[in-house]
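Colleague: Sharing a structure, written as structure tokens. Questions coming.
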Amino acid sequence: MKALRFAEQDVPRIDELPIPAIGADEVLVAARSVGVCHSDIDLLEGRYIIPFEYPIIPGHEWSGEVVAVGSRVQDFAAGDRVVGECVIGDDHFGFSISGAAAEFFVARPEWLHTLPASVSYTNGALVEPFSVAYYALMRVGNVNASDTLVVLGAGPIGLAVTAASAALGAVTIVVEPSPERRDAALRLGARHAVHPDDIVEFLNEQTDGRGADVVVEASGRPAVMAQALELAAFRGRVAYIGIDVGREAPAKLGLIQSKELKITGSVGSPGVWPETLRFLAHTGIDLSPLVTQRFGVDDALGALEAAHHPATTIKAHIEFDAVLPA
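In the numbering used here, each residue carries its 1-based index in the sequence shown increased by 61.
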């Protein structure tokens, strides 16, 4: 089988490897769509938040088809369409243990969730980033059509927040400097998409000076994180989902009290994958505008290269169609 493998730091390769054997309590999955994340680039360049060793197969945003199950596996069968979580106890799938960027890979049934029939393999490979956005909105609480919700930053997570917010009925305004990403936000359901220089005046016009009922900070930039407090309305809710470690910016912290703000922060999507999958199935959200480039396994190095260029790439996907030999 063919696999994208990081042989050592800064050395990615397309390798020919044996199809892995499975144990009695394991599942063999044929990959169908695998997204490339900035964390994969960090891994390739020798950085990650937990220990790892080369060689390693990346791929933690994926969808696939079960092609074989071990004798003790009862919840899945060959032909099932599945997605899987990436944080598995102390391990991270696709980081500390090899992931899904291979024609076939091994998983355990407790990692897996059935992909609803109405959700495509492309959308399935976006469940992981979408679940992060869904979890953040669930932490905010009761987002609905009465709300004006501002998303700060239109990276993959910010765009996923946009799709979820629009599906919940909120008037969704996305703030992003890139015109291409503003266009993607509109395709995913944003009511408006504006340049950061214009948001204060635009929001005042849209809300008669009230401000945003909900602000979701998805850029991870400290100055923008500080601005979120200023954009929020009285008794507004502010969710911090973009990640920054160590940088600083001045912030008007008195606004937290004077506006009686509710502030939440979140990392990842603990425990919400089943709800996320039901939400995608019931709303019919199409996340495919997030995928700006698609590559076959033979061209998977091109997907890595595309991911290095966020100005032109939102998500690069590697697509597979391998069939288990008879």
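Quick reminder that beta carbons are idealized off the backbone N, C-alpha and C, glycines included.
Go through its chain and collect everything with a Cβ distance to R296's Cβ below 6 Å, but skip five positions before and after it.
Modeller: E321
Colleague: Could you tell me whether the stretch 163-178 touches the stretch 376-385, using the rule of 3 or more Cβ pairs below 8 Å?
Modeller: yes
Colleague: With a threshold of 6 Å on Cβ separation, who are the neighbours of R243 within its own chain once the five nearest residues in sequence on each side are excluded?
Modeller: E237, A254.
Colleague: Just reading off the beta strand (DSSP E) that L314 is part of, what are its end residues?
Modeller: Here L314 belongs to no beta strand (DSSP E), and DSSP marks it neither H nor E.
Colleague: Can you tell me which of A215, N203, S239, D258 puts its alpha carbon nearest to the alpha carbon of A231?
Modeller: N203
Colleague: Rank H370, A312, A197, E122 by C-alpha distance to the C-alpha of G155 and give the top, closest one.
Modeller: Per the Cα distances, E122.
Colleague: Out of A138, P190, I80, Q354, which one is the CA nearest neighbour of C147?
Modeller: P190
Colleague: Mind listing, in chain order, the continuous beta strand (DSSP E) runs of no fewer than 3 residues lying wholly within the stretch 72-146?
Modeller: Fully enclosed beta strand (DSSP E) runs of 3 or longer: 72-77, 88-97, 122-130, 142-145.
Colleague: How long is the line joining the alpha carbons of Q318 and E126, rounded to whole angstroms?
Modeller: 51 Å
Colleague: What residue does the beta strand (DSSP E) around F191 start on, and which one ends it?
Modeller: It is not in any beta strand (DSSP E) - F191 instead sits in the alpha helix (DSSP H) that spans 188-201.
Colleague: Within 8 Å, do at least three Cβ pairs link the stretch 328-347 to the stretch 360-376?
Modeller: Put simply, the stretch 360-376 does not touch the stretch 328-347. Fewer than three CB pairs are less than 8 Å apart.
Colleague: Contact between the stretch 270-279 and the stretch 293-313: three or more CB pairs below 8 Å?
Modeller: yes
Colleague: Which full runs of the beta strand (DSSP E) of 3+ residues lie inside the stretch 314-374, going along the chain?
Modeller: 323-326, 352-357
Colleague: What number of angstroms, rounded off, separates the C-alpha of G329 from the C-alpha of P217?
Modeller: 13 Å
Colleague: Using the C-alpha atoms, what's the distance from S327 back to A227?
Modeller: 20 Å
Colleague: Return the chain-ordered list of same chain residues with a C-beta closer than 8 Å to the C-beta of E309, the five sequence neighbours on each side being excluded.
Modeller: Answer for E309: P283, listed in chain order.
Colleague: Go to G185, then tell me how far its alpha helix (DSSP H) extends in each direction, as first and last residue.
Modeller: 182-185
Colleague: When the Cα of Y182 is compared with those of L210, G150, D141, which residue comes out closest?
Modeller: D141
Colleague: Assuming I234 is part of the beta strand (DSSP E), what are its boundary residues?
Modeller: 232-236
Colleague: Can you tell me where the beta strand (DSSP E) holding A310 begins and where it ends?
Modeller: Note, A310: premise wrong, no beta strand (DSSP E); not H, not E.
Colleague: For P79, which option in A85, L89, V211 has the closest C-alpha, if you only look at C-alpha atoms?
Modeller: L89
Colleague: Count the other C-beta atoms from every protein chain shown that fall within 10 angstroms of the C-beta of S132, then say buried if there are 16 or more, exposed otherwise.
Modeller: exposed
Colleague: Residues in the same chain with beta-carbon distance under 6 Å from V248, minus the five sequence neighbours each way, listed in chain order, please.
Modeller: One point to set straight first is that residue 248 is Arg, not Val, in the sequence displayed. These residues qualify, in order along the chain: P350.
Colleague: I need the DSSP call for R282, collapsed to helix, strand or coil.
Modeller: coil
Colleague: With a Cβ-Cβ cutoff of 8 Å, do P119 and L65 count as a contact?
Modeller: yes
Colleague: Please report the residue range of the beta strand (DSSP E) in which F67 lies.
Modeller: Boundaries of the beta strand (DSSP E) around F67: 63-69.
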